[in-house]
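**Student:**
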Amino acid sequence: MRVVVQEAPFDFGAECDRFAAGRRDMGAVVTFTGVVRGDGDLATMEIEHYPGMTEKALTAIAEEAQARWSLGDVLVIHRHGPMRPGERIMMVATTAPHRRDAFEAAEYLMDYLKSRAPFWKKERAKDGDKWVAATEADEQALTRW
Amino acid sequence: MRVVVQEAPFDFGAECDRFAAGRRDMGAVVTFTGVVRGDGDLATMEIEHYPGMTEKALTAIAEEAQARWSLGDVLVIHRHGPMRPGERIMMVATTAPHRRDAFEAAEYLMDYLKSRAPFWKKERAKDGDKWVAATEADEQALTRW
Amino acid sequence: MDVLYFAWVRERIGLPKERIETSAATVTELVEELRAREERYAVAFEDLSALRVAVDQQLTDFDAALAGAREVAFFPPMTGG
Amino acid sequence: MDVLYFAWVRERIGLPKERIETSAATVTELVEELRAREERYAVAFEDLSALRVAVDQQLTDFDAALAGAREVAFFPPMTGG
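Take a look at the structure:
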């Protein structure tokens, strides 16, 4: 299991390649990456986080995924700081002997780190700054698990 | 949309990177890759396919995914020929404005190309060769959609 | 009409493809003709529930009509992915 | 006890962190103390349903006891991913 919180960009292709390498016992590898959408006149997206708690929360979420599904490995990378549209904010990856476990665990990780990891997004645009509000849909997504 | 059927290995990391690049309008990118599991004394896995029909079937499955979900793009790469444990057999990738669409479409692609694309796997091991049988679970997976 | 065989169907019949002159109206009729030919066909087509069929590269079922078909393929359930 | 504020809570209160001497037994009691201090606290803590709280870096609720706590953090619902 690897959990990384960093300001710097990460190399999505290289991370996917490294994560999938040499998994002779794992038939399925799922990856997800989230990208800053260039909606409207968004100039930058700024992500604030809670140093210390962030790492703990992400680790707890990844451990819970490993407890619930039969997984080989879990990777979580989440950035903070300012990002421009098109930049990759975060990624998760899972390996499992069977594809269903890998997919479900990746969705679980996403649903939980969306609403239970201490990150807050601020959109900076020409006409002002705005904190992104948590959505009812994101909170509802947790009821699946 | 890109559908590729080839004998040669593909570069998973490079494909992930290229697929995710420049998606300013898409917040979510999901990738899946299937790896030959080194179960028992498996020496090689040999994949036979139906040239001509394979490309048509994969394209039809990808088009159906695009019709059912709000997607940006779809990628399907599937190999045939002999492969050793640890080699990557195939990959799918999806982009969508929202993560749920990207995940569901990727799972749909996997479920359908598992049971509705003309590929057949033969396991070659020390104690003999064996055609992989389709499973009831794989057929059942289609009833989700 | 071209008739193609894949995976263990190909192995049982002993060839991947052959040209067949037939007046069979449906896939089932074609299967009956093939079964009557030789033992290896009878063995390959013994249990139709273990087989799938494509006509002109489209999955279909054994009731399908063959009028105008150029290519019929027989194979076991697929195992892609 | 260290009290931390994030996102718009931090902006409304005007600082990210402060040291507070308190005998509050629960998070709710601490919130009452803070509200009584100054207008900017009253504004930040106006609607508790719009806030979340962590005690010693664990998400919890406003009923949580503060005995032994070293760090309390207030923030809006999280928006990661």
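Chains A, B, C and D, in that order, are what the protein sequence lines are.
Read in order, the letters of the first sequence are residues 55 to 199 in the numbering used here.
Read in order, the letters of the second sequence are residues 55 to 199 in the numbering used here.
Read in order, the letters of the third sequence are residues 368 to 448 in the numbering used here.
Read in order, the letters of the fourth sequence are residues 368 to 448 in the numbering used here.
Every residue, glycine too, gets a C-beta built ideally from N, C-alpha and C.
Note that the structure is a prediction, hence the values are computed from the model and not measured.
Measuring only between beta-carbons, confirm whether L397 of chain D sits less than 8 Å from chain A.
**Tutor:** Along the fourth sequence, read from residue 1 onward, the residue named residue 397 of chain D stands at position 30. Among the CB atoms of chain A, none fall inside 8 Å of the CB of L397 of chain D.
**Student:** Determine whether the Cβ of M368 of chain D lies closer than 8 Å to any Cβ atom of chain A.
**Tutor:** Residue 368 of chain D sits at position 1 when you count from the first residue of the fourth sequence. It does not: the Cβ of M368 of chain D has no partner Cβ on chain A nearer than 8 Å.
**Student:** Between the region 118–145 of chain A and chain D, which residues of the former have a C-beta closer than 8 Å to a C-beta of the latter?
**Tutor:** So the list reads H132, I143 and M144, given in the order they occur along the chain.
**Student:** Taking I380 of chain D as part of the alpha helix (DSSP H), name the residues at either end of that continuous run.
**Tutor:** Translated into positions along the fourth sequence, residue 380 of chain D becomes position 13. Segment A374 to I380, the alpha helix (DSSP H) holding I380 of chain D.
**Student:** Does the Cβ of A431 of chain D lie closer than 7 Å to at least one heavy atom of the ligand NAP?
**Tutor:** Among the components modelled here there is no ligand, and therefore nothing to report on the ligand NAP.
**Student:** Per the contact definition of three or more C-beta pairs closer than 8 Å, is the region 64–80 of chain B in contact with the region 101–109 of chain B?
**Tutor:** Touching, no, given that fewer than three Cβ pairs across the two stretches are closer than 8 Å.
**Student:** Return the residues of the region 159–188 of chain A that lie within a Cβ-Cβ distance of less than 9 Å from chain B, sorted by chain order.
**Tutor:** The residues in question are A160, E161, M164, D165 and K168.
**Student:** T87 of chain A CB to nearest chain B CB: under 8 Å?
**Tutor:** Along the first sequence, one-based indexing puts residue 87 of chain A at 33. Closer than 8 Å: yes.
**Student:** Since G76 of chain B meets chain A, which of its residues come closer than 7 Å, beta carbon to beta carbon?
**Tutor:** Within the second sequence, residue 76 of chain B is the residue found at index 22, counting from 1. In chain order: G140.
**Student:** Could you work out which residue in B:D192, B:T149, B:F173 and B:G182 is closest to G76 of chain B when comparing CA atoms only?
**Tutor:** Start at 1 with the first residue of the second sequence, and residue 76 of chain B comes out as number 22. Nearest of B:D192, B:T149, B:F173 and B:G182 to G76 of chain B, Cα basis: B:T149.
**Student:** Can you check whether the C-beta of G94 of chain B is within less than 8 Å of a C-beta belonging to chain C?
**Tutor:** By 1-based counting over the second sequence, the position of residue 94 of chain B is 40. By this cut-off, G94 of chain B is not an interface position.
**Student:** If I measure Cβ to Cβ from R78 of chain B and keep anything under 7 Å in the same chain, skipping five residues before and after, which residues do I get?
**Tutor:** Translated into the one-based positions of the second sequence, residue 78 of chain B becomes position 24. Excluding sequence neighbours, R78 of chain B sits near nothing in its chain.
**Student:** Measuring CB to CB, does V410 of chain C end up less than 8 Å from A440 of chain C?
**Tutor:** Translated into the one-based positions of the third sequence, residue 410 of chain C becomes position 43. Translated into the one-based positions of the third sequence, residue 440 of chain C becomes position 73. Contact flag unset, no.
**Student:** Measure the alpha-carbon distance for V394 of chain C versus E161 of chain B and round it to whole angstroms.
**Tutor:** Here the question's residue 394 of chain C lines up with position 27 in the third sequence. Here the question's residue 161 of chain B lines up with position 107 in the second sequence. Answer to the nearest angstrom: the Cα atoms are 33 Å apart.
**Student:** Using a Cβ-Cβ cut-off of less than 9 Å, give me the residues of the region 368–393 of chain C that come near chain B, in sequence order.
**Tutor:** Legend: CB atoms of the region 368–393 of chain C lying less than 9 Å from CB atoms of chain B belong to residues L371, F373, A374, W375, R377 and E378.
**Student:** For P139 of chain A versus G92 of chain A, is the C-beta distance shorter than 8 Å?
**Tutor:** Counting from one through the first sequence, the residue named residue 139 of chain A turns up at place 85. Counting from one through the first sequence, the residue named residue 92 of chain A turns up at place 38. The answer is yes: Cβ separation under 8 Å.
**Student:** Alpha carbon to alpha carbon, how far is E158 of chain B from W199 of chain B? Give it in angstroms, no decimals.
**Tutor:** By one-based count along the second sequence, residue 199 of chain B stands at place 145. By one-based count along the second sequence, residue 158 of chain B stands at place 104. Cα to Cα, the separation comes out at about 10 Å.
**Student:** Does F442 of chain D have its Cβ less than 8 Å from a Cβ in chain A?
**Tutor:** Stepping through the fourth sequence from its first residue, residue 442 of chain D is reached at position 75. So, interface residue.
**Student:** Taking 8 Å as the CB-CB limit, is P63 of chain A close to chain B?
**Tutor:** On the first sequence, residue 63 of chain A is found 9 positions in, with the first residue counted as 1. Output row for P63 of chain A: interface = no.
**Student:** At a CB-CB cut-off below 8 Å, which residues of chain A make contact with L415 of chain D?
**Tutor:** Your numbering for residue 415 of chain D matches position 48 in the fourth sequence. Within chain A, no residue comes near L415 of chain D; the closest Cβ sits about 15 Å away, beyond 8 Å.
**Student:** Give the secondary structure of A171 of chain A by DSSP, where H, G and I count as helix, E and B as strand, and everything else as coil.
**Tutor:** Within the first sequence, numbered from 1, the residue matching residue 171 of chain A stands at position 117. Here A171 of chain A sits in coil by DSSP.
**Student:** Say whether chain C places a C-beta atom closer than 8 Å to the C-beta of M107 of chain B.
**Tutor:** Here residue 107 of chain B corresponds to residue number 53 of the second sequence, with the count starting at 1. Chain C contact via Cβ: present.
**Student:** For the beta strand (DSSP E) holding L96 of chain B, just list the boundary residues, first then last.
**Tutor:** Residue 96 of chain B sits at position 42 when you count from the first residue of the second sequence. Run containing L96 of chain B: L96 to H103, per the beta strand (DSSP E) assignment.
**Student:** Let me make sure I understand the geometry here. Which of A:V186, A:M164 and A:E141 has the alpha-carbon closest to that of V130 of chain A?
**Tutor:** For the purposes of this step, residue 130 of chain A is taken as residue 76 along the first sequence, with counting starting at 1. It is A:M164.
**Student:** Are at least three pairs of beta-carbons, each pair with one atom in the region 429–444 of chain C and one in the region 382–390 of chain D, less than 8 Å apart?
**Tutor:** Flag = no, the region 429–444 of chain C and the region 382–390 of chain D do not touch.
**Student:** Given that a residue counts as buried once 16 or more other Cβ atoms are within 10 Å of its Cβ, and exposed if not, what is K168 of chain A?
**Tutor:** Residue mapping note: residue 168 of chain A aligns to position 114 of the first sequence, counting from 1. It is buried - the Cβ of K168 of chain A has at least 16 other Cβ atoms within 10 Å.
**Student:** Leaving out five residues before and five after F86 of chain B in sequence, what residues of the same chain have Cβ atoms less than 7 Å from its Cβ?
**Tutor:** On the second sequence, residue 86 of chain B is found 32 positions in, with the first residue counted as 1. Cβ within range, chain order: M145, V146, A160 and M164.
**Student:** Take L418 of chain C as the anchor and find which of C:D369, C:F373 and C:M368 has the nearest alpha-carbon.
**Tutor:** By one-based count along the third sequence, residue 418 of chain C stands at place 51. Checked all of C:D369, C:F373 and C:M368; the closest Cα to L418 of chain C is C:F373.
**Student:** Tell me which residue opens and which closes the beta strand (DSSP E) that E69 of chain A is part of.
**Tutor:** In the first sequence, the residue the question calls residue 69 of chain A occupies position 15. Segment F66 to A74 is the alpha helix (DSSP H) holding E69 of chain A; no beta strand (DSSP E) there.
**Student:** Check whether the Cβ atoms of G447 of chain D and H152 of chain A sit closer than 8 Å, and answer yes or no.
**Tutor:** Residue 447 of chain D sits at position 80 when you count from the first residue of the fourth sequence. Residue 152 of chain A sits at position 98 when you count from the first residue of the first sequence. No.
**Student:** Determine, using beta carbons only, whether A179 of chain A and L125 of chain A come nearer to each other than 8 Å.
**Tutor:** Counted from its first residue, the first sequence places residue 179 of chain A at position 125. Counted from its first residue, the first sequence places residue 125 of chain A at position 71. Cβ atoms of A179 of chain A and L125 of chain A: not closer than 8 Å.
**Student:** Just to confirm the assignment: which complete beta strand (DSSP E) runs, minimum length 3, are found wholly within the region 379–424 of chain D?
**Tutor:** 384–386 and 419–422
**Student:** For the beta strand (DSSP E) containing L129 of chain B, name the first residue and the last one.
**Tutor:** Within the second sequence, numbered from 1, the residue matching residue 129 of chain B stands at position 75. Unbroken beta strand (DSSP E) run through L129 of chain B: D127 to R133.
**Student:** Under the assumption that V57 of chain A contacts T113 of chain A (Cβ atoms under 8 Å), give the Cβ distance between them as a whole number of angstroms.
**Tutor:** Locating residue 57 of chain A in the first sequence gives position 3, where the first residue counts as 1. Locating residue 113 of chain A in the first sequence gives position 59, where the first residue counts as 1. Correct: roughly 5 Å between the Cβ atoms.
**Student:** So what's E61 of chain B in DSSP terms, helix, strand or just coil?
**Tutor:** Here residue 61 of chain B refers to the residue found at position 7 of the second sequence. DSSP places E61 of chain B in coil when its eight states are reduced to three.
**Student:** Tell me the residue span of the alpha helix (DSSP H) that contains M107 of chain B.
**Tutor:** For the purposes of this step, residue 107 of chain B is taken as the residue at position 53 of the second sequence. Element bounds for M107 of chain B: M107 to R122.
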